[in-house]
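The block underneath contains the structure these notes are about, expressed in structure tokens.
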Amino acid sequence: MPKFYDPRSIEPKWQKKWEEDKTFKAPDSSDKPKYYALEMFPYPSGSGLHVGHLKNYVPLDAFCRYKSMKGFSVLHPMGWDAFGQPAENEALKRGRNPREMVPEYAANYKRTLKLAGCSYDWGREIDSSQPEYYKWTQWFFLLLYKKGLAYRSTAPINWCPQCKTGLANEEVKEGRCWRCDSLVEKRPMPQWFFKITDYADRLLKDLDSLDWSAGMKEMQRDWIGRSEGASANFQIANSKLQIEVFTTRPDTLFGATFIVLAPEHPMVKDITTPEKISEVEAYIKKAKAETEMDRMNAERTKTGVFTGAYAVNPVNNKEVPVWIADYVMMGYGTGAIMCVPGHDARDFEFARKFNLPIVQVVSKTGQSYELAQAEPDEGLAVNSGKYDGMKTADFKATITKWLEEQKIGHHTVNYRLRDWLISRQRYWGAPIPIIHCPKCGEVPVPEGQLPVLLPEVENYKPSGTGESPLAGIPEFVNTKCPNCGGAARRETDTMGGYACSSWYFFRFADPHNDREFANKEKIAYWMPVDLYAGGIEHARSHLLYARFWTKVLYDAGYISFQEPFKILKNQGSLLAHTPGRKPKSSEGADDSEKILDWIVLKPEEMEDFPRDQIVWRWARMSKSKGNVVTPEEIAHKYGVDSLRIFEMFVAPFEDDVQWSEESINGSYRFLNRTWKWLDAALPYYKKDWREALPREMTGREAQVRRKLHQTINKVGGHIEGFQFNTAIAALMELLNELYDYWQPVEQERKVPANEAILAEILENMVLMLAPFAPHMAEELWQEIGGKGTVYKAKWPSFDANVARENEITLVIQVNGKVREKMVIPSGLSEDIVKAKAMDNSKVAEIIKGKEILKVLVIQGKLINIVIK
RNA sequence: GCGAGGGUGGCGGAACUGGCAGACGCGCCAGACUUAGGAUCUGGUGCCGUAAAAGGCAUGGGGGUUCAAAUCCCCCCCUUCGCACCA
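Quick note on numbering: the first sequence equals residues -9 to 858 in our numbering.
Structure representation (structure tokens):
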């Protein structure tokens, strides 16, 4: 037994042992209850893992280790989200082939995760860019295709000029590409979509059954954006044409004084009168040139032009002008709105600017009055003919029914959610398994011919033309139609990375299956995922897509559950104190640059930058900011167990943490103190301590045992509640008590009063340490002759009788203020507690001569005496 | 603008269904042991007040409910995140 705590020799030793023994291998079946814990699989970047990444991996690892000790059969896998643009871009930047690069980077990640002591079953490692994996990604595409959920359309899409590819709506943030921050353009291109909108309602409803954070669910709800209302047709005056509008306020129909169409609305050219054509065309041209960003700026004033046409308001037969304006979006509803300036702020602004009539049709009082601004609230109908006086909700139902009877409208539900754009005009992705045949049209690649292999090429740069680089490879493109055998062309778009991550959690249940995406029984055993952890940045995209595919699988009869992730946890980020500077006036002024008030100073720029102008901020660790701390350097200084303890102890799992090396010393000190105490107790350890424990215990012995069992209870509870910080705090408290009880320092060491107690503490402490500091725990477990690995040892059991306090500190309040405390036996009757409190000399002093109004006793805690 | 979190010592953070605010750690102060210590051990550490007590004040601000409020209710301020002309 080494005298001193030496993580640098202990840690590699046990990591090697775990690997050799396949300690963390998840069985294919077991009598034990299963537990499937999963972290979002990472894209292995060239920068490697830093301590910030471990903020997620380490607590989840502790959780899995705990579950294993609690008797669960644990599945804790890891794999690589290797396809997609991050990998491709990095490969391009470094002039390397992603095929060679990705495995290297993955190996580097794996090395660091092992260094951190993470308990993955590496036998289940997957790589989404390998044909054996993406064969099944393609299979999923075909499944969706067969179900009518994959289609090709030339609708205008979000085009990122920098990435040279289309982006799904979820990948556009504030009008910019989420990866490169370029302004996104609208571009019409034939593209593949998945019909996620068919599932909008179910994706929304089933959120209720999930144990996810309120914020997370809310973000999904917002993104799906369900709104209920009615559609109504407006006849164009002197024409057979009709315009369909969508409104959530059909009750305000009488107040609709004009119609606005989106500039892209297909009917614009049909209704515009000859004298307005040039003006309208000019406006459309201008609107087209505008970026998403411009259009989204709500601050700017409204613009629009009159088309010269009038529509007839069906409820009162009044003719209302039809305008076009860019504040109406083609992508939402019908791309046309009826405008009720009295009760919609945007319409109000527009009407004011262009002098259009404003009519009040809803009133708080039932009387009409001058409107100073739009009043969007509910109330009573006014100026609405025979409906006057009706309440908003009733009026909505009544008028919707009327529209239906007249066959000019109906009740409608609208979603903000759009279909999922899956096409990428890029090389590094799973090819879409479709063949275009001049005779047969679109033909899916027969399942037996999967995978459609991604060809090995020299040049995989995005083409300038907007086409995928695959289009330039005749051997790939030219093929035979599976239907008629004639010459045909392969689809050259690849699937975006989110396709791979929409089903990988199934694959982990059966990662090497070459006949199915995963075996049904294995899925039935392991799925759904019990605990899923990852960054909040995937709140919409990934989690929505994964839920969608799961529902498709359910509908197709492959699985028996509808939601993949029962519990979801989002870890906070690790922030590093990062030097930066204010932007120069030349920077940020340009509209195409993201406006920033702080720019990171690279380490190389730091040297000759004036000290007093450096602005320090807390920023997320990333290699590009030059503020990363690697697990390697910390492991070298303190050992990885200290790093693990620090990451879990410093703050709750969901919170952001400011990295500082000072506080890691506290974790190191804790482990050192623990080691010292346990090491000193070792000579007294006996396996049969249970029999040797005296029946009755008093004084210090009873006290320290009480603390031990209270700690066992707390630590387990805190881990279950995902409160790793307080779990570790409880262990620290126990350790403080242990030092109080018995000093491990040789000079001061006394012969322990009871050796069996030392043994009990030692054994239980080792077990409780195991999830957090697994290397130290294994070492000590071995020292006390524990069987096998501590990973599979049984979690300590809590004895409520031992933990029970036999005395309590009674807090005595007078008029709600603490005046005295006294130690009394627990379990006394209320009357006796009262009597004891009144008897206390200090209390007696205070209440002397006062009238006692009330005495409240909270058993086991406190007494409050109310006096006058 | 809308929606969801959050505001507690010098710092990170504790506090079960309302019941001792500040667990645990960092930092700081003092002592012990030491050639030394940025090691280790022991004690102290919210603020005001005092020689020490007593006592008073404290959970962003203001009001309220209650014997009792960080916790529940109302108003306001700040902050983080998400969405943003969604009809």
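In this text, a Cβ means the ideal position worked out from N, Cα and C, and glycines have one as well. Quick caveat: nothing in here was measured; it's all calculated off a predicted structure.
Secondary structure at TRP410, three-state DSSP: helix, strand or coil?
strand
For the beta strand (DSSP E) holding ALA477, just list the boundary residues, first then last.
477 to 480
Expressed to the nearest angstrom, what Euclidean distance is found between the alpha-carbon atoms of VAL640 and THR620?
18 Å
Could you name the residues that DSSP lists as bridge partners for GLY689?
According to DSSP, which records beta bridges pairwise, GLY689 is partnered with nothing at all.
What's the call for THR127, buried or exposed, on a 16-neighbour Cβ count within 10 Å?
Per the 10 Å Cβ criterion, buried.
Between TYR729 and ALA16, what straight-line distance do the alpha-carbon atoms span, to the nearest angstrom?
Distance between TYR729 and ALA16, taken at the CA atoms: about 39 Å.
Grab me the residues of ILE837's own chain with a C-beta within less than 8 Å of its C-beta, minus the 5 sequence neighbours each way, in chain order.
VAL804, MET828, ILE855, ILE857
Which residues in the same chain as PRO593 place their Cβ atom closer than 8 Å to its Cβ, once the five residues preceding and following it in sequence are excluded?
GLY616
Helix, strand or coil for TRP870? Go by DSSP, reduced to three states.
This structure cannot settle anything about residue 870, because the visible part of the chain is limited to -9 through 858.
Are ASP409 and LYS185 closer than 9 Å when you measure CB to CB?
yes
Candidates GLU29, ALA220, SER143, SER35: which alpha carbon is nearest ASN98's?
SER35
Given a threshold of 16 other Cβ atoms within 10 Å of its Cβ, counted over all protein chains shown, does LYS376 qualify as buried or as exposed?
exposed
If you follow the alpha helix (DSSP H) that ASN655 is in, where does it begin and where does it stop?
651 to 671
What's the gap between the Cα of GLY138 and the Cα of PHE131?
11 Å
For GLY850, collect the residues of the same chain with a Cβ closer than 7 Å to its Cβ; drop the 5 residues on either side in sequence, then sort them by chain order.
ILE798, SER816
In the stretch 318 to 401, which residue ranges form an unbroken alpha helix (DSSP H) of at least 4 residues, counting only runs that do not cross its ends?
If one requires a minimum length of 4 residues, the alpha helix (DSSP H) runs lying completely within the stretch 318 to 401 are 335 to 344, 382 to 395, in chain order.
I'd like to check one pair, CYS108 with ASP71: are the Cβ atoms closer than 9 Å?
no
Please classify HIS426: does DSSP put it in a helix, a strand, or coil?
strand
Does the distance from the C-beta atom of LEU243 to that of ILE389 stay below 9 Å?
In contact: LEU243 and ILE389 (Cβ atoms closer than 9 Å).
Name, in chain order, the residues that DSSP records as bridge partners for ASN223.
In DSSP, ASN223 forms a bridge with GLU234.
Counting along the chain, where does the beta strand (DSSP E) carrying ASN854 start and finish?
852 to 857 is the extent of the beta strand (DSSP E) around ASN854.
Could you tell me the distance, in whole angstroms, from the CA atom of TYR56 to the CA atom of GLN713?
13 Å
Can you tell which of GLU90, ARG497, ARG290, ASN830 has its C-alpha closest to the C-alpha of VAL813?
ASN830
Please report the straight-line C-alpha distance between GLY524 and VAL235, rounded to a whole angstrom.
41 Å
Tell me where the beta strand (DSSP E) around GLU309 begins and ends.
309 to 314
Residue range of the beta strand (DSSP E) that GLY431 falls in?
431 to 434
Take ALA825 as the anchor and find which of VAL845, LYS840, GLU841 has the nearest alpha-carbon.
VAL845
Throw me the rounded Cβ distance for the TYR300 and VAL318 pair, which I believe falls under 8 Å.
18 Å between Cβ atoms; not a contact.
Check each candidate in MET611, THR701, LEU661 and name the one with the smallest Cα separation from ALA629.
A quick correction: the sequence has Gly, not Ala, at residue 629. Considering only alpha carbons, the answer is LEU661.
State yes or no: is the C-beta of SER491 within less than 9 Å of the C-beta of SER119?
Cβ atoms of SER491 and SER119: not closer than 9 Å.
Which of the three DSSP states is assigned to HIS567 in this structure?
Per DSSP, reduced to three states, the secondary structure at HIS567 is strand.
For the beta strand (DSSP E) that contains VAL519, what are its first and last residues?
519 to 524
For ILE848, which option in SER819, ALA220, ILE842 has the closest C-alpha, if you only look at C-alpha atoms?
SER819
In terms of DSSP beta bridges, what is MET812 paired with?
LEU800
Taking 8 Å as the limit between beta carbons, can you name the residues of its chain near ALA891, skipping five residues before and five after?
No statement about residue 891 is possible, as the shown extent of the chain runs from -9 to 858 and does not include it.
Could you pull out every residue in the same chain whose Cβ sits closer than 8 Å to the Cβ of GLY562, ignoring the five residues on either side in sequence?
Contacts found: LYS45, ALA641, PRO642, PHE643, GLU644, ASP645, ASP646, VAL647.
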